[in-house]
Structure formats: structure tokens, C-alpha cells
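Chemist: Going left to right, the sequence shown walks through residues 1 to 204 as UniProt numbering numbers them. By construction, the Cβ of each residue, glycine as well, lies at the ideal position given by its N, Cα and C atoms. Everything numeric in this text was worked out from a predicted model, so none of it was measured.
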Amino acid sequence: MFFRSLTRINSSIVIRSFSTSIPRSDFHFDTHQFVQRLEREGLNRAQAEGIMTAMAEVIDESIRNMTSNMVTKAEQEKHHYKQQVDFAQIKSELQLMEKNDLAMIKAENDRLVSDIEKLKQRLREEITRTQAGVRLDLNLEKGRLREESSGQELKIKEVEYKIEQEIASLRTNIQASKATTLQYLVGLVTGCSALLMAYLRFRM
1 MFFRSLTRIN SSIVIRSFST SIPRSDFHFD THQFVQRLER EGLNRAQAEG
51 IMTAMAEVID ESIRNMTSNM VTKAEQEKHH YKQQVDFAQI KSELQLMEKN
101 DLAMIKAEND RLVSDIEKLK QRLREEITRT QAGVRLDLNL EKGRLREESS
151 GQELKIKEVE YKIEQEIASL RTNIQASKAT TLQYLVGLVT GCSALLMAYL
201 RFRM
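Take a look at the structure:
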């Protein structure tokens, strides 16, 4: 066994001497029972107490290390409070960032709405100018058509006047021709009557 093998340790190894009156209040296990067990395994009292003290020191150091790494309740509460404070600060910062983002989004939305209204206004003005231009072009075209129509009517009236003059001239010529023809016929009839009367006289 392990404890029996300790008796075979070379005598040249220096074993620390410990007092037989070891305080028991600092140990974390029953040292007296442990020493007795070592003695039953074949160790003398000095060796058993030396091993017990060494193990007590190792256990005590281990417990101190574990205790130093452990967090006390006060420290845990302090850490929890610090976490709560940090969480509240983070929450406040997030809320502030959210408000800033919302404000930025609202400002951007307002800017877009303003730009859209300006664009609508420019579009309305452009439509109004275009309509005014179209009306002006239509009015000018109507005026030109009226002028052309007036010119055509004037030309038609001139042609009608010329036609009427020609008709009047033809009527005059026809009347003159009628009169000439009538005079010719009257002369012819008169001449024929005279010849007929002379012939009748000659026969009688």
C-alpha cells in the first residue's frame, strides 16, 4: 500500500521535524485519526505527523486558492448591481440611439415630403406654362386661319364682283346685239315690204 511504501524512503532524505502538539483548529480534517492510521500502516509518529502536516498545508493552500477565486455574496451583489447599472446605461443609450434614429428618419421623411411637394409645384408650373404655350399657339393659329379665311373671303368677293361685272357686260352686249338685230330685222322687213309694194304696183 501507499502508506507502507513511505517507510522505504531513503534515510538520507531530510524530514522536517514537527511539534507533537499540533493545533487542531486550523485543520480541515481529523488530524489525530489520520496520524493513527498512518501509524497503523507502519510509520512512526514523527513521520505520520510530518505527512499529516504536509497534507494539511496542501489542503489549506488549496482551500485558500479556491476561496480567493470564489466571489463573496457582497461582491456578487456588487457585481449584480454593476451589471444592472450597466444594463440600465446600455438601455438608456439604446433608447437615446433609437430616439436619434427616429428623429433622423422623421427629418429625412420631412425632407422627402418637402422635396416631393417642391417637385409637384414645379410640375404644376411646368404644366401651366405648357398649357399657356399651347393656348397661345392655338390662338395664333386661329388668328392666322381667320386672316387666311378673311383673305379668301375677300378674294371670293373680288371674284364674285368680277363675275358680276362680266355678267353685266355680257348683258349689255346682249342687249346691244338684240337692238342691232332688231334694227336689222326692221330694216329688212321694211325693205322687203317696199319691194313687195313696188312689185304689186308694177303688176297692176
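#1: Specify, as a first and last residue, the run of the alpha helix (DSSP H) that Glu39 falls within.
#2: How about the region 79-89 and the region 50-66: do they share at least three Cβ pairs that are nearer than 8 Å?
#3: Quick test of your reading: Arg57 and Val35, contact by CB under 8 Å. State the CB separation rounded to the nearest angstrom.
#4: So what's Leu43 in DSSP terms, helix, strand or just coil?
#5: What's the call for Leu123, buried or exposed, on a 16-neighbour Cβ count within 10 Å?
#6: Please report the distance separating the alpha-carbon of Glu93 from that of Met104.
#7: Should Thr181 be labelled buried (16 or more other beta-carbon atoms within 10 Å of its own) or exposed?
Modeler: The answer reads as follows:
#1: Here residue 39 refers to the residue found at position 39 when the sequence shown is read from its first residue. For Glu39, the enclosing alpha helix (DSSP H) stretches over residues 31-40.
#2: Here the region 79-89 does not lie against the region 50-66, with fewer than 3 beta-carbon pairs under 8 Å apart.
#3: By 1-based counting over the sequence shown, the position of residue 57 is 57. By 1-based counting over the sequence shown, the position of residue 35 is 35. The sequence shown places Glu at residue 57, rather than the Arg named in the question. Their Cβ separation, rounded to whole angstroms, is 15 Å, which puts Glu57 and Val35 out of contact at 8 Å.
#4: For the purposes of this step, residue 43 is identified with residue 43 of the sequence shown, where counting begins at 1. Assignment of Leu43 by DSSP, reduced to helix, strand and coil, places it in the coil class.
#5: Within the sequence shown, numbered from 1, the residue matching residue 123 stands at position 123. It counts as exposed.
#6: As a first step, residue 93 must be located in the sequence shown, where it is residue number 93. As a first step, residue 104 must be located in the sequence shown, where it is residue number 104. Straight-line Cα distance between these residues: approximately 16 Å.
#7: As a working mapping, residue 181 is identified with position 181 in the sequence shown. Residue environment: Thr181 is assigned as exposed (fewer than 16 neighbouring CB atoms within 10 Å of its CB, all protein chains considered).
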